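Here the structure is laid out as structure tokens; the discussion comes afterwards.
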Amino acid sequence: MPSVIRHSLQCHPATPCTAVSAIEASIRLIENGNLAVNYHLDCNPGDILLPGKQPTAAKDDLWLHTCCEAFIAAVDVQEYREFNFSPSSQWANYCFTDYRIRDKTFIAPSAPQIHTHRRDDGLQIDALIGREMLPHAAAWNIGLSVVIETLDGSKSYWALAHCAAQPDFHRRQSFLLTLNAIKL
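Residues are numbered in the numbering used here as their position in the sequence shown, beginning at 1, plus a constant of 37.
Given below as structure tokens:
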């Protein structure tokens, strides 16, 4: 199994954040075709507004609060999936047929597993996405991002890259990672 490579997420310049000093994320394919996604936030967890623990369930609008996200598209295909992982253990999975055009008929075939760990120096959020939730492809383009809500209600938006004057995680130019699928 290849070593885990952490990628630094950048805070969008229009949404500065002093509560978080750095965010790193990694994504890797594991032996059964599932994806493991990990987010490491260097911060004082007490400075971030974290949603309380909830039963694991699908929920819309998680991105309005502290939330980790992954955008996954088959290489050379317009369609992509959006995954939201809340520290509350709630989640969302959407299918878009093109830029921000949501397929309202899409029903997620399963739920991701989400685990949140508080550390003295920050927060770690781990998610496991089942292969049945992923677009069918030989390779994927991936964007990783995080929304941070601080105690005063302000929000900052972190991603591998920002390609617009305002934060927009849906832009394909920010799906910077490429990952080959495992043939099962």
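No residue lacks a Cβ here, since even glycine has one placed at the ideal position from N, Cα and C. These numbers were taken from a predicted model, which means no experiment stands behind them.
Classify residue i: buried if its beta carbon has 16 or more other beta carbons within 10 angstroms, exposed otherwise.
i: S147; result: exposed
i: C200; result: exposed
i: T153; result: buried
i: W128; result: buried
i: T134; result: exposed
i: I219; result: exposed
i: E186; result: buried
i: P53; result: exposed
i: R124; result: For clarity, residue 124 is Pro in the given sequence; the question names Arg instead. Buried is the call here.
i: T55; result: exposed
i: P149; result: buried
i: E68; result: exposed
Leaving out five residues on either side along the sequence, give the residues of the same chain with a beta carbon under 6 Å from the beta carbon of residue i.
i: E61; result: R43, S45 and H77
i: C105; result: Y76, F122, I162 and V183
i: A145; result: N130
By the DSSP assignment, the beta strand (DSSP E) with residue i in it spans what residues?
i: T215; result: L214 to N217
i: W100; result: No beta strand (DSSP E) contains W100, which DSSP labels as neither H nor E.
i: V57; result: V57 to L66
i: I162; result: G159 to I166
i: V41; result: Per DSSP, V41 belongs to no beta strand (DSSP E) and is neither H nor E.
i: D79; result: L72 to C80
i: A129; result: W128 to D135
i: E116; result: Unbroken run through E116: none, as it is neither H nor E.
Among residues of its own chain, excluding the 5 on either side of residue i, which ones have a beta-carbon nearer than 7 Å to its beta-carbon?
i: P82; result: R155, G159 and L160
Closer than 8 Å by C-beta to residue i: which residues in its own chain qualify, once you throw out the five before and the five after it? Chain order, please.
i: Y136; result: Q115, H207, R208 and R209
i: K192; result: T52, V184, I185 and E186
i: T215; result: V112, A176, W177, N178 and I179
i: H173; result: A111
May I have the straight-line CA-CA distance separating residue i from residue j, to the nearest angstrom?
i: A107; j: I179; result: 7 Å
i: A73; j: D189; result: 32 Å
i: D140; j: L66; result: 26 Å
i: F212; j: N71; result: 19 Å
i: K90; j: I138; result: 31 Å
i: D113; j: F143; result: 21 Å
i: P204; j: L197; result: 12 Å
i: V41; j: S182; result: 17 Å
i: H96; j: F122; result: The residue asked about is misnamed: residue 96 is Lys in this sequence, not His. The straight-line gap from Cα to Cα measures roughly 10 Å.
i: L101; j: R168; result: 27 Å
i: L165; j: Q47; result: 23 Å
i: H49; j: A59; result: 12 Å
i: N217; j: L171; result: 12 Å
i: Y194; j: D84; result: 16 Å
i: I22; j: T93; result: Not covered by the structure: residue 22. The range shown for the chain is 38 to 221.
i: L86; j: T103; result: 7 Å
i: Y117; j: P88; result: 27 Å
i: A202; j: D157; result: 34 Å
Which residues does DSSP list as the beta-bridge partners of residue i?
i: K192; result: E186
i: T153; result: I162
i: G180; result: F108
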